[in-house]
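These notes concern the structure reproduced below.
Protein chains: 2
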Amino acid sequence: MTSEQLLETTNRSLPIVLLRAREAVMAHFRPMLAAHGLTEQQWRVLRVLSEMGELDASHLAHHACILPPSLTRMLKTLEANGWIEGRRDKDDGRRMLFSATEEGMRFIATVSPKGAAIYHDLVDAYGEEKLRQLVDLLDELQTSVNGVAK
Amino acid sequence: MTSEQLLETTNRSLPIVLLRAREAVMAHFRPMLAAHGLTEQQWRVLRVLSEMGELDASHLAHHACILPPSLTRMLKTLEANGWIEGRRDKDDGRRMLFSATEEGMRFIATVSPKGAAIYHDLVDAYGEEKLRQLVDLLDELQTSVNGVAK
DNA sequence: CAGGTTTACTTAACATGTTAATTGTTAGGA
DNA sequence: TCCTAACAATTAACATGTTAAGTAAACCTG
Numbered sequence: 033m034t035s036e037q038l039l040e041t042t043n044r045s046l047p048i049v050l051l052r053a054r055e056a057v058m059a060h061f062r063p064m065l066a067a068h069g070l071t072e073q074q075w076r077v078l079r080v081l082s083e084m085g086e087l088d089a090s091h092l093a094h095h096a097c098i099l100p101p102s103l104t105r106m107l108k109t110l111e112a113n114g115w116i117e118g119r120r121d122k123d124d125g126r127r128m129l130f131s132a133t134e135e136g137m138r139f140i141a142t143v144s145p146k147g148a149a150i151y152h153d154l155v156d157a158y159g160e161e162k163l164r165q166l167v168d169l170l171d172e173l174q175t176s177v178n179g180v181a182k
Numbered sequence: 033m034t035s036e037q038l039l040e041t042t043n044r045s046l047p048i049v050l051l052r053a054r055e056a057v058m059a060h061f062r063p064m065l066a067a068h069g070l071t072e073q074q075w076r077v078l079r080v081l082s083e084m085g086e087l088d089a090s091h092l093a094h095h096a097c098i099l100p101p102s103l104t105r106m107l108k109t110l111e112a113n114g115w116i117e118g119r120r121d122k123d124d125g126r127r128m129l130f131s132a133t134e135e136g137m138r139f140i141a142t143v144s145p146k147g148a149a150i151y152h153d154l155v156d157a158y159g160e161e162k163l164r165q166l167v168d169l170l171d172e173l174q175t176s177v178n179g180v181a182k
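This is the structure in structure tokens:
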């Protein structure tokens, strides 16, 4: 097998490399989140609500990168835990608006610094400049790939 | 909010950016795979078996980036479809060895070119040089992140 | 060679991913 | 107004992700 072909192999394919990289990163966060009874996805939802305030389910799903059916299930759990609350939009009866409760905001304020500390260590090990390059390349990837016809 | 803080926001965090980029890429493959009755993960398993030949479950899981419990379930489906077959290792009764069947290899040979065509279009749109840079940065990310204490 | 320890795989339980179908609501045009 | 299309959220069904516990085989150490 030539080195050219080797690049096309499963090990080097973009989806796999992206998956592995993400796994390596998330492995550092999951134990801390689990210690607080949180999944990675639940934490994303809480962070988005704390950063953006009240949001309807569709926008919340979009910003947290979670599919609507998954979000519907998760919101029930998060609401049962007292971290968020939902209400129907008066101006559009189809929408549900969600926001973090007071208790939820306090909880987020407890977890956030721990996440930031972990993230800081990772950025420190990798290098800020490399990280900037990487994020730029990933954004461009998303853009150019979204422009290709399916 | 300063631009400095903006970078630390959920939208720009590494896990999210990696997730979005991967989603953008996979969105191009899933319809084709689904048309062949395959999930993304099943396709990874079949590709690894076709590229590496017979493998025990642990190594197969590792190379396909699938956790062992997930793999156990998937292998039953793939075997029921006649694409793979498993046998117990005579030299180590703990291990199960899996390989693609003749039918499986033919099936893989049918799907592969379609996947390669899609991949080619994506690389074309993004640029080979950028892709090389990206893969390098992702590999380095994985390495440096794995070196950070958990 | 017996005993405890590791290893490989599996099972279990719960959470999320993914697509299709459903329900309720709104918007727009004849 | 009516009627249909579009939209938002949900439900359903199946597949995978994730952690913990269980089972059986191999290893190893006294």
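As they're listed, the protein sequences go chains A and B. Its first residue numbered 33, the first sequence is counted upward by one per residue in our numbering. Its first residue numbered 33, the second sequence is counted upward by one per residue in our numbering. For every residue, glycine included, the Cβ atom is placed at its ideal position computed from N, Cα and C.
In DSSP terms, what residue i is bridged to
| i | result |
| --- | --- |
| Met87(A) | In the sequence under discussion, the amino acid at residue 87(A) is Leu, which differs from the Met named in the question. DSSP, once it has assigned bridges, lists Phe130(A) as partnering Leu87(A). |
Cβ-heavy atom distance, residue i to the ligand FMN, below 7 Å
| i | result |
| --- | --- |
| Pro63(B) | Here there are no bound small molecules, and the ligand FMN is not part of this structure. |
Residue closest to residue i, alpha-carbon to alpha-carbon, out of the options
| i | options | result |
| --- | --- | --- |
| Ala53(A) | Leu163(A), Arg120(A) and Val177(A) | Leu163(A) |
| Ser82(B) | Val57(B), Ile140(B), Leu99(B) and Gly114(B) | Ile140(B) |
| Met128(B) | Pro100(B), Asp153(B), Ala89(B) and Leu103(B) | Ala89(B) |
| Asn178(B) | Leu154(A), Gly179(A) and Glu160(A) | Leu154(A) |
| Lys108(A) | Asp168(A), His152(A) and Gln74(A) | Gln74(A) |
| Tyr151(A) | Arg44(A), Ser45(A) and Val57(A) | Val57(A) |
| Met137(A) | His91(A), Gln174(A) and Met84(A) | Met84(A) |
| Arg183(B) | Phe61(A), Arg120(A), Asn113(A) and Leu166(A) | Past the boundaries of the shown model lies residue 183(B); chain B is included only from 33 to 182, so the question cannot be answered. |
| Ala149(B) | Glu55(B), Phe61(B) and Ser102(B) | Phe61(B) |
| Ala181(A) | Leu92(B), Asp156(B) and Ala93(B) | Asp156(B) |
| Glu55(A) | Ile98(B), Leu92(B), Gly69(B) and Arg76(B) | Ile98(B) |
| Glu172(A) | Thr142(B), Thr175(B), Glu161(B) and Leu173(B) | Glu161(B) |
| Gly220(A) | Leu169(B), Gly159(B) and Tyr158(B) | This structure gives no information on residue 220(A), because the portion of chain A shown stretches from 33 to 182. |
| Met106(B) | Ala59(B), Leu46(B) and Arg76(B) | Arg76(B) |
Same chain, Cβ closer than 7 Å to residue i, neighbours up to 5 away in sequence not counted
| i | result |
| --- | --- |
| Ile48(B) | Thr42 |
| Ala132(B) | Leu78, Leu81, Ser82, Trp115, Ile116 and Ile140 |
| Glu111(B) | Glu117 and Gly118 |
| Lys122(A) | none |
Cutoff 6 Å; reference residue i; Cβ partners in own chain excluding five residues on either side
| i | result |
| --- | --- |
| Leu78(A) | Ile140 |
| Lys146(A) | Met64 |
| Thr104(B) | none |
| Pro100(B) | Ala93 |
| His68(B) | Val143 |
| Glu135(A) | Gly114 |
As assigned by DSSP and simplified to three states, the class of residue i
| i | result |
| --- | --- |
| Thr41(B) | coil |
| His60(B) | helix |
| Leu173(A) | helix |
| His94(A) | helix |
| Leu78(A) | helix |
| Leu50(A) | helix |
| Lys162(A) | helix |
| Val180(B) | coil |
| Thr104(B) | helix |
| Leu65(B) | helix |
| Ser35(A) | For Ser35(A), the predicted structure reports a pLDDT of 45, less than 50, and the residue's modelled location is therefore unreliable. A value from the coordinates is still provided. Reduced to three states, the DSSP call for Ser35(A) is helix. |
| Val167(A) | helix |
Same chain, Cβ closer than 8 Å to residue i, neighbours up to 5 away in sequence not counted
| i | result |
| --- | --- |
| Leu87(A) | Val80, Leu81, His95, Leu129, Phe130 and Ser131 |
| Leu70(B) | Leu78 and Val143 |
| Arg120(A) | Arg127, Met128 and Leu129 |
| Leu38(A) | Caution applies to Leu38(A), whose pLDDT of 48 falls short of 50 and renders its modelled position unreliable; the value that the coordinates give is listed next. Within the same chain, Leu38(A) has close Cβ partners Arg44. |
| Glu72(B) | Met58, Phe61, Arg62 and Leu65 |
- Start-end ranges of the beta strand (DSSP E) lying completely within the region 107–159 of chain B, minimum 3 residues: 116–120 and 128–132
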